[in-house]
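Here is the structure we will look at.
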Amino acid sequence: QVQLVESGGGLVQAGDSLRLSCAASGRTFSSVVMAWFRRTPEKEREFVAYISADGGTTTYADSVKGRFTISRDNAHNTGYLQMNSLKPEDTAVYYCAAGPAHIGYNSWGQGTQVTVSS
């Protein structure tokens with residue numbers, strides 16, 4: 082099981098960009114799938130993006146498709162979420178999650194707040 086720490090959140094204006102990072106500890110990061118989720122007072126947890134262990138497969142929620150890009154650097158045990166053209170409705174606490182593909186997400190970060198003002 083890996084330990085995850087997110088960073089990169091903040092307060093931005095609509096249309097701005099942010100890049101979130103997810104630093105993983107442990108030597109198994111390259112063997113786990115990773116995803117980003119977000120939580121708002123209205124939605125308990127919402128899927129944002131997914132990336133396979135080797136980075137070759139990605140999927141996105143319709144609400145962020147074309148604006149967000151998930152990536153990973155297995156050599157540096159870090160995952161990323163590049164967020165462009167941010168909207169006020171993207172305001173949320175963002176979490177990265179990881180785990181073996183056959184088990185699911187058994188590791189979660191503490192979350193990083195993203196606030197987008199209009």
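Residue numbers (our numbering): 82 to 199. In this text, a Cβ means the ideal position worked out from N, Cα and C, and glycines have one as well. Fair warning: this is a prediction, and the values are worked out from it, not measured in the lab.
Between I184, Y175, G180, T193, which has its C-alpha nearest R126's C-alpha?
The shortest Cα separation from R126 among I184, Y175, G180, T193 belongs to Y175.
Top-ranked residue by Cα proximity to E170, from R100, R120, A156:
The residue from R100, R120, A156 with its alpha-carbon nearest to that of E170 is R120.
Residue range of the beta strand (DSSP E) that F149 falls in?
Counting along the chain, the unbroken beta strand (DSSP E) around F149 starts and ends at 149–154.
Rounding to the nearest angstrom, what Cα-Cα distance links Y186 and A179 in this structure?
The straight-line gap from Cα to Cα measures roughly 5 angstroms.
Quick one: grab the DSSP three-state call for S188.
Of the three classes helix, strand and coil, the one that applies to S188 here is strand, per DSSP.
Is it a yes or a no for the region 98–108 touching the region 143–163, going by three-plus beta-carbon pairs under 8 angstroms?
Touching, yes, given that three or more Cβ pairs across the two stretches are closer than 8 angstroms.
Which listed residue (G190, T196, A156) has its alpha carbon closest to that of T172:
Just measuring C-alpha positions, the residue of G190, T196, A156 sitting nearest T172 is T196.
Report the rounded CA-to-CA distance for D135 versus R108, giving the unit in angstroms.
Cα to Cα, D135 sits roughly 14 angstroms from R108.
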